[in-house]
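Counting from 71, one number per residue, gives the positions in the sequence shown under my numbering.
What follows is one structure encoded as structure tokens, with my remarks underneath.
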Amino acid sequence: SLRYHEGRFYICFVANDTRKTYLYTSEKIDGPWKKQLIEGFYHDGSLLFDEDGRNYIVYGNDEIWITELNEDLTAPKKDGLHRLLVSDHKNPELGYEGSHIQKINGYYYIFLIHSLRDRWMRTEACFYSDSLEGEFTGGDVLCDDRGYCGQGVAQGGIVDTPDGKWYAMLFQDSGAVGRIPILVPVTWKDHFPVFG
71 SLRYHEGRFY ICFVANDTRK TYLYTSEKID GPWKKQLIEG FYHDGSLLFD EDGRNYIVYG
131 NDEIWITELN EDLTAPKKDG LHRLLVSDHK NPELGYEGSH IQKINGYYYI FLIHSLRDRW
191 MRTEACFYSD SLEGEFTGGD VLCDDRGYCG QGVAQGGIVD TPDGKWYAML FQDSGAVGRI
251 PILVPVTWKD HFPVFG
């Protein structure tokens with residue numbers, strides 16, 4: 071997760087070998103960076119700084135959870151929000167992961183990667199709600215391998231440009247080349263993103 075909030079940059083990630091969640095902060099993108107830990111292990115976590123001053127992390131594999139963090143982002147907030155948002159744990163290929171959460175025009179959007187259930191094919195999904203405590207609805211928004219070996223384009227979030235255009239920044243595995251970035255145009259219909 072890479073965020074910019076109130077004059078500060080935040081980079082959040084986990085290391086599977088240490089089972090820890092790392093948070094680096096800096097006032098400048100080129101550093102220096104301060105390192106701290108967030109208590110807990112938040113697989114593919116995405117930070118959300120909400121307009122009401124509350125802080126959250128959305129994370130998980132198969133089951134996607136949200137946990138409210140304390141003010142200094144070192145641990146879950148005592149008696150804070152903690153709930154399951156969406157689940158794909160019965161998917162035999164790859165359940166939801168790669169969380170990206172954004173708040174846009176009063177709606178919360180969660181972008182996720184998973185596979186089709188009947189065969190291996192990375193697919194991008196999106197769920198949204200007008201409340202973090204409400205039901206998140208949605209589904210797949212992009213299922214395209216660009217003609218390359220069933221290696222679907224997925225895992226990323228969306229960005230807007232100064233001229234009001236929207237794009238999804240995703241990746242596709244491409245053999246020995248590795249994961250290549252893919253930029254997909256996004257439009258909106260009834261508050262829901264339309265990819266491609």
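Every residue gets a Cβ at the ideal spot worked out from N, C-alpha and C, and that includes glycine.
Remember, predicted model here, so these are calculated numbers, not experimental data.
Legend entry - Backbone CA spacing between arginine 78 and serine 96 [nearest angstrom]: Within the sequence shown, residue 78 is the residue found at index 8, counting from 1. Within the sequence shown, residue 96 is the residue found at index 26, counting from 1. Their backbone Cα atoms lie some 6 angstroms apart in a straight line.
Inset, instruction - Assign threonine 137 to one of two classes, buried (16 or more other C-beta atoms within 10 Å of its C-beta) or exposed (fewer than that). - result: As a position in the sequence shown, residue 137 is number 67, starting the count at 1. With 16 or more Cβ atoms within 10 Å of its Cβ, threonine 137 is classed as buried.
Legend entry - Inside the segment 222 to 255 only - beta strand (DSSP E) runs reaching at least 3 residues: Entirely contained in the segment 222 to 255, the beta strand (DSSP E) runs reaching 3 residues are, in chain order, 224 to 230 and 236 to 243.
Inset, instruction - Using beta-carbon positions only, say whether histidine 170 and glycine 226 come within less than 8 angstroms of one another. - result: Numbered from its first residue, the sequence shown carries residue 170 at position 100. Numbered from its first residue, the sequence shown carries residue 226 at position 156. At a Cβ-Cβ threshold of 8 angstroms, histidine 170 and glycine 226 count as neighbours.
Inset, instruction - Could you tell me whether the segment 153 to 165 touches the segment 174 to 184, where touching means 3 or more Cβ pairs closer than 8 angstroms? - result: Counting Cβ pairs under 8 angstroms, three or more are found: they touch.
Inset, instruction - Report all residues from its chain with a CB closer than 8 angstroms to the CB of isoleucine 231; omit the five preceding and five following residues, and keep chain order. - result: Your numbering for residue 231 matches position 161 in the sequence shown. The sequence shown places threonine at residue 231, not isoleucine. Cβ neighbours of threonine 231 beyond the five flanking positions: Tyr237.
Inset, instruction - Output the distance between the C-alpha atoms of valine 264 and alanine 246, rounded to the nearest integer angstrom. - result: For the purposes of this step, residue 264 is taken as the residue at position 194 of the sequence shown. For the purposes of this step, residue 246 is taken as the residue at position 176 of the sequence shown. Taking the straight line from one Cα to the other gives about 31 angstroms.
Legend entry - Three-state secondary structure (DSSP) of threonine 88: Working through the sequence shown from its first residue, we reach residue 88 at position 18. Under the three-state reduction of DSSP output, threonine 88 falls in the coil class, being neither helix nor strand.
Legend entry - Bridge partners - cysteine 82, DSSP secondary structure assignment: One-based indexing of the sequence shown puts residue 82 at position 12. According to DSSP, cysteine 82 bridges with Leu93.
Inset, instruction - Count the other CB atoms, across all protein chains shown, that sit within 10 Å of the CB of glutamate 194; report buried if there are 16 or more and exposed otherwise. - result: Position 124 of the sequence shown holds residue 194. A residue is called buried once 16 or more other Cβ atoms fall within 10 Å of its Cβ, and glutamate 194 is buried on that count.
Legend entry - Counted within 10 angstroms of its Cβ, other Cβ atoms place tyrosine 166 as buried (16 or more) or exposed: Looking up residue 166 in the sequence shown gives position 96. Tyrosine 166 is buried by the Cβ-count criterion.
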